[in-house]
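Only one structure is covered here, and it is reproduced in the block below.
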Amino acid sequence: MAGAGVSGRERRRRHRRDRVHREGRGGRARIRLRGARGAGRPGGRRRPFRFADQDWLAEYRRHAVPRPIGTRFWVDPHPEVPTPPPAGRVHLVVEPRQAFGSGSHESTQLVLLMMEELPLVGRRILDVGTGSGILALAARALGAAEVVGFDIDFEAVCIAHQTVAVQPQRLPVALFAGSTSALAPRPAFDVILANLIPVEAQPLLADLRSLLAPDGALVLSGLMADQLAASEEELARCGFAVERARELEEWAGLVCTAGARGSGLGARTDESASPAVR
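Laid out in structure tokens, this is it:
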């Protein structure tokens, strides 16, 4: 166990030394490192550090460029001046905002890559924790007949609605703020997309299993590669069988089916997705 053999007093001392306090004043951030010895100043007086205002999201947007993902997608961060996609790619306009899912993160890319391998035309899709709405839109663009996306964060759902509105083509998606309990009576979805870290996904697995069609597939991402074994055990306890696993950098994604019944997706495969962004 980490910290074994360290006294309570020593742990508290380290905690005081390492704790960082942020205080807003006059539009600036004051950062004070408690327990510092004054960085060599006489008397050990603490000195607050001041940083100028910086809109980091605006800075990121300024440098963001359109990117190809997999073989089918073209993710464009600029709705005001969109860049036409190369031939054969689906154009998704996703402006970087506070909601997760701009397409730059490996966990999002993994879901998009795995979606390319699934038969989505005419299917019913559920996007759990929709964030910006990028995965719901991608499913619709690949031919899904019906797509429902939801998030417990009301602001994220508002952003997802804005993302739907700026698409260059019409991609209808049903969005709501809430949880799986709002999906009643229980519909059957052919594919469920869940880009969630394990601590968020685990409490939902039983509900997702009940929402999945008998021959459906759960696409799960947001896992670290070293969490795969533990995640597969938890999935098995909730009635899922892992058919495919993919890795990108230190992240991993899974395609799962409802127990041993399978989904016609083929046998279990393990793949490295290093060329995810081409």
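The sequence shown finishes on residue 263 if you use the working numbering, and the numbering steps up by one all the way, no holes. For each residue, glycine too, the CB sits at the ideal point set by N, CA and C.
Check for me: the alpha helix (DSSP H) holding histidine 146 runs from which residue to which? Residue range 139 to 150 is occupied by the alpha helix (DSSP H) that includes histidine 146.
With a cut-off of 8 Å on the beta carbons, I'd call glycine 163 and alanine 145 a contact; round off their distance for me. Glycine 163 to alanine 145, Cβ: 13 Å. No contact.
Is glycine 244 buried or exposed, if buried means 16 or more other CB atoms sit within 10 Å of its CB? Counting C-beta atoms within 10 angstroms of its own C-beta, glycine 244 has fewer than 16 neighbours from the protein chains shown and is therefore classed as exposed.
Excluding five sequence neighbours on each side, which residues of the same chain lie with their C-beta closer than 6 Å to the C-beta of leucine 190? Cβ neighbours of leucine 190 beyond the five flanking positions: Cys223.
Can you list the alpha helix (DSSP H) stretches of 4 or more residues lying completely in the region 176 to 247, in chain order? Within the region 176 to 247, the alpha helix (DSSP H) runs of at least 4 residues that lie entirely inside it are, in chain order, 183 to 186, 190 to 196, 213 to 222.
Can valine 227 and methionine 99 be called in contact, C-beta distance under 9 Å? Taking 9 Å as the Cβ cut-off, valine 227 and methionine 99 do not qualify as a contacting pair.
Terminal residues of the beta strand (DSSP E) in which valine 50 lies: Where valine 50 is concerned, there is no enclosing beta strand (DSSP E), because DSSP gives it neither an H nor an E.
Jot down the residue ranges of each uninterrupted beta strand (DSSP E) in the region 64 to 99, minimum 3 residues, whole runs only, in chain order. Inside the region 64 to 99, DSSP marks whole beta strand (DSSP E) runs of 3 or more residues at positions 75 to 78, from first to last along the chain.
Would you decide whether glutamine 154 is buried or exposed? Buried here means 16 or more other CB atoms lie within 10 Å of its CB. Counting the other CB atoms within 10 Å of its CB gives glutamine 154 a total below 16, which places it among the exposed residues.
With distances taken from CA atoms, which of Ala210, Phe225, Val240 is nearest glutamate 232? Measuring from the Cα of glutamate 232, the nearest candidate turns out to be Ala210.
Quick one: residues in its chain with C-beta nearer than 7 Å to the C-beta of leucine 168, no 5 flanking neighbours on either side, listed in chain order? Excluding its 5 nearest sequence neighbours in each direction, leucine 168 has C-beta neighbours in its own chain below 7 Å: Leu196, listed in chain order.
Are glycine 118 and asparagine 180 touching if we call contact CB-CB under 9 Å? When the beta-carbon positions are compared, glycine 118 and asparagine 180 stay at least 9 Å from each other.
So, helix, strand or coil for glutamate 102, using DSSP? Three-state result, glutamate 102: coil.
Can threonine 148 and valine 78 be called in contact, C-beta distance under 9 Å? Against a cut-off of 9 Å, the Cβ pair of valine 78 and threonine 148 comes out as a contact.
Segment contact, 8 Å Cβ cut-off, at least three pairs: the region 120 to 136 with the region 95 to 110: The region 120 to 136 vs the region 95 to 110: in contact.
Looking at C-alpha atoms only, which residue of His76, Pro71, Val158, Ile54 is the closest neighbour of glutamate 91? Taking the Cα of glutamate 91 as reference, the smallest distance to any Cα among His76, Pro71, Val158, Ile54 is reached at Ile54.
Where do the N-terminal and C-terminal ends of the beta strand (DSSP E) with alanine 124 fall, by residue? Per DSSP, alanine 124 lies in no beta strand (DSSP E); the unbroken alpha helix (DSSP H) holding it starts and ends at 119 to 126.
Going by beta carbon distance, what residues of the same chain come within less than 7 Å of glycine 11, once the five residues before and after it are set aside? Confidence at glycine 11 is low in this model, with a pLDDT of 40, below 50, so the placement of that residue is unreliable and no value is reported for it.
Is leucine 193 near leucine 213, with beta carbons less than 9 Å apart? Leucine 213 sits away from leucine 193, with the two beta carbons spaced by 9 Å or more.
From the DSSP output, read off the bridge partner residues of leucine 156. Its beta-bridge partners do not exist; DSSP assigns none.
Quick check on this structure: which residue in Ala72, Ala202, Glu234 has the alpha carbon closest to the alpha carbon of leucine 220? Minimum Cα distance to leucine 220 is reached at Ala202.
Identity of the residues DSSP links to glycine 116 by a beta bridge: Bridge partners of glycine 116: none, in fact.
Near glycine 73, what residues of its chain come up, given a Cβ to Cβ distance below 7 Å and the 5 sequence neighbours on each side ignored? Correct list: empty, nothing qualifies.
Tell me, to the nearest whole angstrom, how far the beta carbon of leucine 122 is from that of valine 158; I am working on the premise that it is less than 8 Å. The beta-carbon separation of leucine 122 and valine 158, rounded to 6 Å, stays under the 8 Å limit for a contact.
In chain order, what residues of the same chain lie with their CB nearer than 7 Å to the CB of arginine 171, ignoring the 5 residues before and after it? The answer, listed in chain order, is Ser195, Leu196.
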